[in-house]
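Step one of this worksheet: look at the structure below.
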Amino acid sequence: MRILIVEDEEKLCDNIALFLSNEGFTVDKALDGEEGLDLALENTYDCIVLDVLLPGLSGIEFCKFMRNEMSSNVPILMLTALGELEQRIEGLNAGADDYLPKPFDLRELLARINAIIRRNQTLSDGRVLYRELVLDSKRHLVHLRGEELELSAREFSILELFLRNPGRVFSREEITDRVWETGYESRSNIVDVYISYIRKKLENRGLKDLLETVPGFGYRLKELP
């Protein structure tokens with residue numbers, strides 16, 4: 573997963589970046605709001621950690637631009653000064669998903685980042701977000717980086733099962749029971765065949781190693797860290 577940190581306190585910014593890198597994230601950094609906004613517009617992020625008080629462009633202005641001008645739903649965690657209730661309210665009203673007062677424990681920062689990413693995976697309109705994938709169950713469409721990913725009805729159902737249950741291992745029998753009609757007697761390798769189809773379509777679009785084989789058990793969607 574890729575995280576953007578926009579924080580003008582360079583030492584704090586470096587400490588956050590090092591900690592999150594050690595937790596498996598890919599981290600980009602910016603020391604002012606304008607540089608951070610440029611990065612946010614050029615790249616796709618799973619979460620943005622955003623300080624309220626920034627030189628050039630404030631965190632509030634940054635957040636409003638992302639929500640109002642770009643219609644972006646990227647999770648935003650706002651860092652605020654301890655005790656500044658007005659900052660927290662203003663940040664949430666601007667579209668931030670959560671806030672964390674300074675000073676803070678990096679472990680709490682990680683827990684909050686993971687929480688808002690999980691919340692953002694399933695939206696109220698039935699869509700599911702995972703990395704660069706957006707699955708729309710109502711319209712029966714999947715988009716990868718904004719472009720439609722062509723899937724058969726069966727492939728769509730299997731991918732939806734995994735996207736809604738990241739990290740959970742499904743046996744071939746469970747997948748068959750959930751996706752195929754009641755009483756369907758599948759060939760022993762039919763699930764493997766469809767998993768192969770889905771993997772190939774994802775890999776052809778640059779998304780590799782998404783569906784993992786769990787030897788002796790089945791398959792799972794790689795869980796976001």
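Here the sequence shown stands for residues 573 to 797, numbered as in the numbering used here. For glycine and all other residues, C-beta sits at the position ideal for the given N, C-alpha and C. For clarity, every value in this text was computed on a predicted model and none was experimentally measured.
(1) Indicate the three-state DSSP secondary structure (helix, strand or coil) for Thr748 in the structure shown.
(2) Check Lys772 in the structure and name its three-state DSSP category.
(3) Could you work out which residue in Ala668, Asn594, Glu607 and Val765 is closest to Leu649 when comparing CA atoms only?
(4) How big is the Cα-Cα spacing for Tyr671 and Ile661?
(5) Is any heavy atom of the ligand MN found at a distance shorter than 7 angstroms from the C-beta of Asn594?
(6) Comparing alpha-carbon positions, which option in Leu735, Arg740, Gly739 and Arg750 lies nearest Ile770?
(7) Please give me, in chain order, every unbroken run of the alpha helix (DSSP H) with length at least 4 that falls completely inside the region 693-739.
(8) By the DSSP assignment, the alpha helix (DSSP H) with Arg660 in it spans what residues?
(9) Report yes or no: do three or more beta-carbon pairs, one from the region 696-710 and one from the region 744-751, lie closer than 8 angstroms?
(10) Taking 6 angstroms as the limit between beta carbons, can you name the residues of its chain near Asp600, skipping five residues before and five after?
(11) Select from Gly790, Leu774, Ser593 and Val714 the residue whose C-alpha is nearest the C-alpha of Asn761.
(12) Quick check for students: name the residue ranges of the alpha helix (DSSP H) that lie wholly in the region 584-655, counting only runs of 4 or more.
(13) Does the Cβ of Met638 have 16 or more other Cβ atoms within 10 Å, making it buried, or fewer, making it exposed?
(14) Could you name the residues that DSSP lists as bridge partners for Leu779?
(15) Between Val751 and Leu774, is the Cβ-Cβ spacing less than 8 angstroms?
(16) Please state the DSSP three-state secondary structure of Glu582.
(17) Starting from Gly790 and walking both ways along the beta strand (DSSP E), at which residues does that stretch end?
(18) Since Asp670 is in the beta strand (DSSP E), which residue starts that stretch and which ends it?
(19) Under the rule that 16 or more other beta-carbon atoms within 10 Å means buried, what is Gly608, buried or exposed?
(20) Relative to the alpha-carbon of Ala683, which residue among Glu595, Asp580 and Arg792 has its alpha-carbon at the smallest distance?
(21) What whole-angstrom Cβ distance do Leu721 and His715 have, given they're in contact under 8 angstroms?
(22) CB Lys574 to CB Phe597, shorter than 8 angstroms?
According to the structure data:
(1) Stepping through the sequence shown from its first residue, residue 748 is reached at position 176. DSSP places Thr748 in helix when its eight states are reduced to three.
(2) Against the sequence shown, residue 772 aligns to sequence position 200. Helix at Lys772.
(3) Here residue 649 corresponds to residue number 77 of the sequence shown, with the count starting at 1. If we check each option's Cα against that of Leu649, Ala668 comes out closest.
(4) Against the sequence shown, residue 671 aligns to sequence position 99. Against the sequence shown, residue 661 aligns to sequence position 89. If I take the Cα positions, the gap works out to 9 angstroms.
(5) This structure lacks the ligand MN, and indeed carries no ligand of any kind.
(6) Taking the first residue of the sequence shown as position 1, residue 770 is located at position 198. Selected option, being the one with the closest Cα: Leu735.
(7) Runs of the alpha helix (DSSP H) spanning 4 or more residues and lying entirely within the region 693-739 occur at 725-735, in chain order.
(8) Within the sequence shown, the letter at position 88 stands for residue 660. In the DSSP assignment, Arg660 falls within the unbroken alpha helix (DSSP H) covering Leu657 to Ala666.
(9) Not touching, per the Cβ criterion.
(10) In the sequence shown, the residue the question calls residue 600 occupies position 28. So the list reads Leu576 and Leu611, once near-sequence residues are dropped.
(11) Locating residue 761 in the sequence shown gives position 189, where the first residue counts as 1. Checked all of Gly790, Leu774, Ser593 and Val714; the closest Cα to Asn761 is Gly790.
(12) If we require 4 residues or more, the alpha helix (DSSP H) runs fully inside the region 584-655 come out as 605-614 and 631-636.
(13) The count along the sequence shown starts at 1 and reaches residue 638 at position 66. With 16 or more other Cβ atoms within 10 Å, it is buried.
(14) Stepping through the sequence shown from its first residue, residue 779 is reached at position 207. In the DSSP output, where bridge partners are listed per residue, Leu779 has none listed.
(15) Position 179 of the sequence shown holds residue 751. Position 202 of the sequence shown holds residue 774. For Val751 and Leu774, no; Cβs fall outside 8 angstroms.
(16) Within the sequence shown, the letter at position 10 stands for residue 582. For Glu582, the secondary structure class from DSSP, reduced to helix, strand or coil, is helix.
(17) Counting from 1 along the sequence shown, the entry for residue 790 is found at position 218. Gly790 to Leu793 is the extent of the beta strand (DSSP E) around Gly790.
(18) The sequence position of residue 670 within the sequence shown is 98, counting from 1. From DSSP, the beta strand (DSSP E) with Asp670 extends over Asp670 to Lys674.
(19) Translated into positions along the sequence shown, residue 608 becomes position 36. The Cβ neighbour count for Gly608, taken over all protein chains shown within 10 Å, is at least 16; the residue is labelled buried.
(20) Within the sequence shown, numbered from 1, the residue matching residue 683 stands at position 111. The shortest C-alpha separation from Ala683 is found at Glu595.
(21) The residue you call residue 721 lines up with position 149 of the sequence shown. The residue you call residue 715 lines up with position 143 of the sequence shown. Contact holds; Cβ gap of about 7 angstroms.
(22) Within the sequence shown, numbered from 1, the residue matching residue 574 stands at position 2. Within the sequence shown, numbered from 1, the residue matching residue 597 stands at position 25. First, the residue type needs correcting, since residue 574 is Arg and not Lys in the sequence shown. Yes, Cβ-Cβ distance for Arg574 and Phe597 is below 8 angstroms.
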